[in-house]
Amino acid sequence: GTPVEETLHACHQLHQEGKFVELGLSNYASWEVAEICTLCKSNGWILPTVYQGVC
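Those letters in the sequence shown? Residues 1 to 55, by the working numbering.
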């Protein structure tokens, strides 16, 4: 599969182009969301603001 870093970087670029306003995540465990947020913060990328957790 595609590395999450590559996907998040592409999402950030699309956000900068005005293609969307908020980034949402679903089907990730809470620890994965924490890692994604840390990765986004360390790279200056858009942070997720919407989350639908795993049941």
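Beta carbons are placed, not taken as given, at the ideal position from N, Cα and C, and that holds for glycine.
Since the structure is predicted, the reported quantities are computational estimates derived from the model, not experimental observations.
In this structure, what does DSSP give as the bridge partners for residue i?
{"i": "Gln13", "result": "In DSSP, Gln13 forms no bridge with anything."}
{"i": "Val50", "result": "Gly24"}
Exposed or buried, residue i, counting other C-beta atoms within 10 Å across all chains shown (16 or more means buried)?
{"i": "Cys58", "result": "Here the chain comprises residues numbered 1 to 55, so residue 58 is not present and cannot be evaluated."}
{"i": "Leu14", "result": "exposed"}
{"i": "Leu47", "result": "exposed"}
{"i": "Trp31", "result": "exposed"}
Just to check my reading of the structure: residue i and residue j have Cβ atoms closer than 8 Å, yes? What is that Cβ distance to the nearest angstrom?
{"i": "Gly24", "j": "Val50", "result": "3 Å"}
- Item | Continuous alpha helix (DSSP H) assignments of at least 4 residues falling wholly in the region 16–46 | 30–43
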